[in-house]
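Visitor: Residue numbers (numbering that gives the first Met the number 0), protein chains in the order written: chain A, 0 to 270; chain B, 0 to 543. Here it is, the structure, as structure tokens.
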Amino acid sequence: MKPLVLTLRQRPKQRLDLSPLVPHLLAGKTASQIERIALQTTRQSVDVAEIFRVRMGDVERILIEGACERFDHVGQSMTGGEIRVDGDVGTQAGRLMAGGRLVIRGNAGPWAASGMRGGEFQILGGAGDHLGAPLAGEMTGMRGGVVVVRGPAGERAGDRMRRGTMIIEGKSGAYTGSRMIAGTLLVLDQAGPLPGFLMKRGTIVLAEGSGELSPTFLDCGQHQLLAMKLWSEFIRPYSKRAASLLKRSLRRLAGDMAVLGKGEIFIGKRN
Amino acid sequence: MLTRIANGRVIDPANNRDAVGDLWIRDGRIIEVPPGDRPDATYDATGKIVMAGAIDIHSHIAGWNVNTARLLLPEYHRAAAPRPIATPLSKAGWSTFETGCRYAEMGFTTVVEPAVSPHYALHAHLELADVPIIDKAILVILGNDDYLLRLLQANESDAAISDYVAWTLEMSRSLGVKVVNAGGAAAFKENVRAFSFDDVVPSYGVSSRRIVKALQHAVTALGVPHPLHVHCNNLGLAGNFETALTTIAAAEDLPLHLAHLQFYGYGKEGDRGFSSAAAPLAAAVNAANTVTADVGQVMFGQTVTISSDVLRQFNARKQASPRKWVILDSDANGAGIVPYDYRRNNFYNAVQWAVGLELFLLIEDPRRVFFTTDHPNGAPFTAYPEIFALLMSRERRAQWLAELPPEALAVTTLPAITREYSLGEIATMTRAAPGRLLGLRDRGHLGAGAVADVAVYEDDADRAKMFRAAALVFKDGELVVRDGRVTQHRWGRALTVRPERDAAIDRRMKAYYEDRYGLSDDFVKVPEHVLGRPDPFERVPCVS
């Protein structure tokens, strides 16, 4: 069966909340019911039909053709199925996602994958600040699943991460993996200043190191660990470059000693 | 404007009235039946219950602690926005504006914010000025402040202390004085982590007892109607009922009010070393004629504890749920914000719930026990209707008891208590008595000349439903709530007292703030014009 296709008619005049357009919420709905779903975030009401041309298909596979940075909460809380988006999306894409597959062929705004619990989330462009991070007041960020960003990520990627895997193939901003509680985070290009700031546990791998490392990390020397080889096999389907990085000899730093100090940063090149 | 509320059952224990009849209001005051005049508006209250507007004497609704709690828990604001009722702690996310509306919808017309540090009084008043409909007041906190402790250390005269208390009351525009863990917060700064009634504050050499007694004498001597409002030492600890008994004994025939007594009703019996000691505590309150108490009832659910008892909150920080907290070890009392989830299946929480109800039911005189949950420390104030229902129905209590851990009930006397509150006793506890306790002679009753704050309820057998949504509420004679919904927003006043004092204290305080803080004493003052409302204050007379 063909996927459900939503083709952009016009750029919306306001930010839209696309969280209703996920497979488990669309299950059992007819095309006309889907067209009447409200997406507005202001008092001016906007429904799906006004923004998209709807071509009905299997709601387990949703294709959004043409998007813009005003589309917020894309794939929020999705539990299964697949959503593919051609274009950029706004804030909190894939927030609280628990399962399924979300692919953005474009850039994502801030708080993408915020508090994600499971599933696979790919961003082919770049991600904004706070990738996987909690919103204000929440205790943990990403809690499971895999996030792959082919481009760069902004500041505080992986903030308060608790579990799961995050792969950033481009550069990352300042405070990458700040306050990490556990989980794993890889950056295949240069990381911004102070990676792993106040991390308690967890693993960060930086292929190209960071311009500025916190003095509260202790150098443990070069290692080629068996665990890394096993991990490499897990990573390979998501990122071949990340998989080959893990087979190299890596320099290990333990920290952040300013807090619990059970975390680690591995660096691919000497700096 | 002449208004008639017709044919309701008027329950006004202050004037010994409980009969079906009319209530007349002219220009914001209750009047006697006017001869011959035709009312401009008549509201039919047939089959309904008419009471004075309720008064809450202890509810943390404004000030820096409340705001710090809001800042600590932003996720609850967000969660509350789309689905206000289903969300945990949806109640703590409230704005000041909603606070006024929700109180009014339950028929409350006057609420006291009981813990304001003098240096933050301006903030509290600015926030209270944004609470619509209801009248409000603050109690100012003294007892851990450097100035008072120095006066005591230097053995200064009673008059010097009274002048200082009078000065603080006027500057902060307060209705009374509260003392929170007297000396405990000052001792906390010197790394003391346990502090009882006869312990001595390091550096100052003053005992908690001496602070409480000095403030009690000052408040009495100044003629402030509300007695000293005491938050005792050792809050929340097993065996702390003895601290409360010691404090009650120290009242010595002068008026003293004990806040949230439930949190002091714990013994050390049983396998877990934690039990209800409500019975001896209630007996002590019954025997001490000058002592009054409010309960601070616990109800199950997520809430946040906010307190100026920084020592206690520091010791409780590990119990935070969610696991985050704020301890501010600052000027005078400081503050502690610890989120907490009271759970029905938790032994300790179940005992706490039972202790509160035992106190309500075992303290015989409804004029000396006051209705509070110490909002939001025991429960949010929206839990009140359910508590009224529990007090009024033995059966309802039995239903709740059946769901609690039996080992918790075994260390309380609640299952054996058969008393049920009558509507008259509820009216006494929430209207007549608080009006008298705060010295508000024209509130809490429906006699001629009283402020026309009136709540009309459906006489529903489900008392919780009845008290949750008043059928009609009048504030100063204006209809503000109909069928449990606010129909009109207006602004209430803040109630203050202004006892006489020697002018010398003003010069002394000016010099103190210059010398100690390098600041003008202006920063303690609450100027009327900044509140941006006409007549923001109403002065309550002192007792001579």
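The beta-carbon is built from N, C-alpha and C at its ideal position, and this holds for glycine as well. For clarity, every value in this text was computed on a predicted model and none was experimentally measured.
#1: Considering Cα atoms alone, identify which of B:Gly-52, B:Asn-239, B:Ala-249 and B:Val-290 is closest to Gly-266 (chain B).
#2: Find the residues of chain A that neighbour Pro-338 (chain B), judging by a C-beta separation of less than 7 Å, and give them in chain order.
#3: Short of 6 Å in beta carbon distance, which residues of its chain neighbour Arg-8 (chain B), apart from the five on each side in sequence? Order them along the chain.
#4: Please tell me whether Glu-74 (chain B) has its Cβ less than 8 Å away from any Cβ of chain A.
#5: Would you kindly work out how many angstroms separate the C-alpha atoms of Leu-101 (chain A) and Leu-252 (chain A), rounded to a whole number?
#6: Taking the straight line between their C-alpha atoms, what separation do you get for Ile-264 (chain A) and Gly-195 (chain A)?
#7: How far does the beta strand (DSSP E) with Leu-62 (chain A) in it reach, from first residue to last?
#8: Counting beta carbon pairs with one atom in the region 393-408 of chain B and one in the region 108-128 of chain B, are three or more of them shorter than 8 Å?
#9: Residues of the region 301-321 of chain B in Cβ contact with chain A at a cutoff of 9 Å, in chain order, please.
#10: Would you please verify whether the beta carbon of Met-165 (chain A) is less than 8 Å from any beta carbon of chain B?
#11: Would you call Lys-1 (chain A) buried or exposed, if buried means 16 or more other Cβ atoms sit within 10 Å of its Cβ?
#12: State yes or no: is the beta carbon of Thr-417 (chain B) nearer than 8 Å to at least one beta carbon in chain A?
#13: Rounding to the nearest angstrom, what Cα-Cα distance links Gly-74 (chain A) and Arg-94 (chain A) in this structure?
#14: Beta carbons nearer than 9 Å to chain B: which residues of the region 113-138 of chain A have them?
#15: What are the start and end residues of each continuous beta strand (DSSP E) run of 3 or more residues lying completely inside the region 243-314 of chain B, in chain order?
#16: In the structure shown, what three-state DSSP assignment does Tyr-119 (chain B) receive?
#17: Taking all protein chains shown into account, do 16 or more other C-beta atoms lie within 10 angstroms of the C-beta of Ala-357 (chain B), making it buried, or fewer, making it exposed?
#18: Quick check on the DSSP output: the alpha helix (DSSP H) that includes Val-350 (chain B) runs from which residue to which?
#19: In this structure, how does DSSP classify Arg-35 (chain A) when only helix, strand and coil are distinguished?
#20: Do the CB positions of Leu-174 (chain B) and Val-111 (chain B) come within less than 8 Å of each other?
#21: Report the three-state DSSP secondary structure of Ile-234 (chain A) (helix, strand or coil).
#22: What three-state label does DSSP hand Ser-171 (chain B) in the structure shown?
#23: By the 10 Å Cβ neighbour count, where 16 or more other Cβ atoms means buried, how is Asp-87 (chain A) classified, buried or exposed?
#24: Could you give the first and the last residue of the continuous beta strand (DSSP E) run that contains Leu-135 (chain B)?
#25: From Glu-31 (chain B) to Ile-10 (chain B), what distance separates their C-alpha atoms?
#26: Taking a contact to mean a Cβ-Cβ separation below 8 Å, would you say Gln-13 (chain A) touches Val-47 (chain A) in this structure?
#27: Suppose the cutoff is 6 Å on Cβ atoms and the five residues either side in sequence are ignored; what does the same chain contact list for Leu-62 (chain A) look like?
#28: Only counting runs of 3 or more residues, tell me where the beta strand (DSSP E) segments fall wholly within the region 391-421 of chain B, in order along the chain.
#29: Can you tell me where the beta strand (DSSP E) with Val-146 (chain A) in it begins and where it stops?
#30: Would you kindly report the start and end of the unbroken alpha helix (DSSP H) that includes Asn-190 (chain B)?
#31: Relative to the C-alpha of Arg-435 (chain B), which candidate in B:Pro-38, B:Ile-54, B:Val-496 and B:Gly-35 has its C-alpha closest?
#32: Rounded to whole angstroms, what's the CA-CA distance from Gly-491 (chain B) to Val-284 (chain B)? Just pull it up for me.
#33: What first and last residue would you give for the beta strand (DSSP E) that runs through Gln-13 (chain A)?
#34: Considering only the alpha carbon of each residue, which of B:Ser-171, B:Asn-14 and B:Lys-135 lies closest to Pro-526 (chain B)?
#35: Relative to the alpha-carbon of Ile-50 (chain A), which residue among A:Val-58, A:Phe-70 and A:Arg-60 has its alpha-carbon at the smallest distance?
#36: Under 8 Å between C-beta atoms, does Lys-323 (chain B) make it to chain A?
Guide: In this structure, then:
#1: Reading the second sequence from its first residue, position 267 is the one you call residue 266 (chain B). Residue B:Asn-239 is the option with its Cα nearest to Gly-266 (chain B).
#2: By 1-based counting over the second sequence, the position of residue 338 (chain B) is 339. Within 7 Å Cβ-Cβ: nothing; Pro-338 (chain B) doesn't reach chain A, min ~10 Å.
#3: Mapped onto the second sequence, residue 8 (chain B) falls at position 9. Val-19 and Ile-48, listed in sequence order.
#4: As a working mapping, residue 74 (chain B) is identified with position 75 in the second sequence. Judged by the 8 Å Cβ criterion, Glu-74 (chain B) is in contact with chain A.
#5: One-based indexing of the first sequence puts residue 101 (chain A) at position 102. One-based indexing of the first sequence puts residue 252 (chain A) at position 253. Rounded to the nearest angstrom, the two C-alpha atoms are 33 Å apart.
#6: Position 265 of the first sequence, counted from the first residue, corresponds to residue 264 (chain A). Position 196 of the first sequence, counted from the first residue, corresponds to residue 195 (chain A). Rounded to the nearest angstrom, the gap between the Cα atoms of Ile-264 (chain A) and Gly-195 (chain A) is 7 Å.
#7: To locate residue 62 (chain A), count along the first sequence from 1; it is residue 63. Run containing Leu-62 (chain A): 57-64, per the beta strand (DSSP E) assignment.
#8: Touching, no, given that fewer than three Cβ pairs across the two stretches are closer than 8 Å.
#9: Pro-321
#10: The residue labelled residue 165 (chain A) in the question sits at position 166 within the first sequence. No, no contact with chain B.
#11: Mapped onto the first sequence, residue 1 (chain A) falls at position 2. Lys-1 (chain A) should be labelled exposed.
#12: Counting from one through the second sequence, the residue named residue 417 (chain B) turns up at place 418. Taking Cβ atoms only, chain A never reaches closer than 8 Å to Thr-417 (chain B), which makes this a no.
#13: Residue 74 (chain A) sits at position 75 when you count from the first residue of the first sequence. Residue 94 (chain A) sits at position 95 when you count from the first residue of the first sequence. For Gly-74 (chain A) and Arg-94 (chain A), the distance between alpha carbons rounds to 7 Å.
#14: From the region 113-138 of chain A, only Pro-133, Leu-134, Ala-135, Gly-136, Glu-137 and Met-138 have a Cβ closer than 9 Å to chain B.
#15: 255-257, 290-293 and 300-306
#16: On the second sequence, residue 119 (chain B) is found 120 positions in, with the first residue counted as 1. Of the three classes helix, strand and coil, the one that applies to Tyr-119 (chain B) here is helix, per DSSP.
#17: The residue labelled residue 357 (chain B) in the question sits at position 358 within the second sequence. The sequence given here places Glu at residue 357 (chain B); Ala does not occur at that position. Buried, because 16 or more other Cβ atoms sit within 10 Å of the Cβ of Glu-357 (chain B).
#18: Here residue 350 (chain B) corresponds to residue number 351 of the second sequence, with the count starting at 1. It spans 346-361 - the alpha helix (DSSP H) in which Val-350 (chain B) sits, taken as one unbroken run.
#19: What you label residue 35 (chain A) is simply residue 36 of the first sequence in a count that begins at 1. Of the three classes helix, strand and coil, the one that applies to Arg-35 (chain A) here is coil, per DSSP.
#20: Within the second sequence, residue 174 (chain B) is the residue found at index 175, counting from 1. Within the second sequence, residue 111 (chain B) is the residue found at index 112, counting from 1. Cβ atoms of Leu-174 (chain B) and Val-111 (chain B): closer than 8 Å.
#21: Along the first sequence, read from residue 1 onward, the residue named residue 234 (chain A) stands at position 235. Correct three-state label for Ile-234 (chain A): helix.
#22: To locate residue 171 (chain B), count along the second sequence from 1; it is residue 172. Three-state DSSP puts Ser-171 (chain B) in a helix.
#23: For the purposes of this step, residue 87 (chain A) is identified with residue 88 of the first sequence, where counting begins at 1. The residue is buried, with at least 16 neighbouring Cβ atoms inside 10 Å.
#24: Counting from one through the second sequence, the residue named residue 135 (chain B) turns up at place 136. Per the sequence presented here, residue 135 (chain B) reads as Lys, with Leu not at that position. Lys-135 (chain B) -> beta strand (DSSP E) spans 134-140.
#25: Walking along the second sequence from the start, residue 31 (chain B) turns up at place 32. Walking along the second sequence from the start, residue 10 (chain B) turns up at place 11. Near 16 Å, if we compare the C-alpha coordinates of Ile-10 (chain B) and Glu-31 (chain B).
#26: Taking the first sequence and counting its residues from 1, the one referred to as residue 13 (chain A) is at position 14. Taking the first sequence and counting its residues from 1, the one referred to as residue 47 (chain A) is at position 48. Contact: no.
#27: The residue you call residue 62 (chain A) lines up with position 63 of the first sequence. Cβ neighbours of Leu-62 (chain A) beyond the five flanking positions: Pro-2, Val-4 and Arg-83.
#28: none
#29: As a working note, residue 146 (chain A) is residue 147 in the first sequence. Note, Val-146 (chain A): beta strand (DSSP E), 142-148.
#30: In the second sequence, the residue the question calls residue 190 (chain B) occupies position 191. Looking at the DSSP string, Asn-190 (chain B) is not in any alpha helix (DSSP H), and its letter there is neither H nor E.
#31: Locating residue 435 (chain B) in the second sequence gives position 436, where the first residue counts as 1. Among B:Pro-38, B:Ile-54, B:Val-496 and B:Gly-35, the Cα nearest to that of Arg-435 (chain B) belongs to B:Ile-54.
#32: On the second sequence, residue 491 (chain B) is found 492 positions in, with the first residue counted as 1. On the second sequence, residue 284 (chain B) is found 285 positions in, with the first residue counted as 1. Those two C-alpha atoms are separated by around 34 Å.
#33: The residue labelled residue 13 (chain A) in the question sits at position 14 within the first sequence. Where Gln-13 (chain A) is concerned, there is no enclosing beta strand (DSSP E), given that its DSSP letter is neither H nor E.
#34: For the purposes of this step, residue 526 (chain B) is identified with residue 527 of the second sequence, where counting begins at 1. Ranked by how close their Cα comes to the Cα of Pro-526 (chain B), the residues B:Ser-171, B:Asn-14 and B:Lys-135 have B:Ser-171 in first place.
#35: Your numbering for residue 50 (chain A) matches position 51 in the first sequence. Among A:Val-58, A:Phe-70 and A:Arg-60, the Cα nearest to that of Ile-50 (chain A) is on A:Phe-70.
#36: Locating residue 323 (chain B) in the second sequence gives position 324, where the first residue counts as 1. Interface residue, yes.
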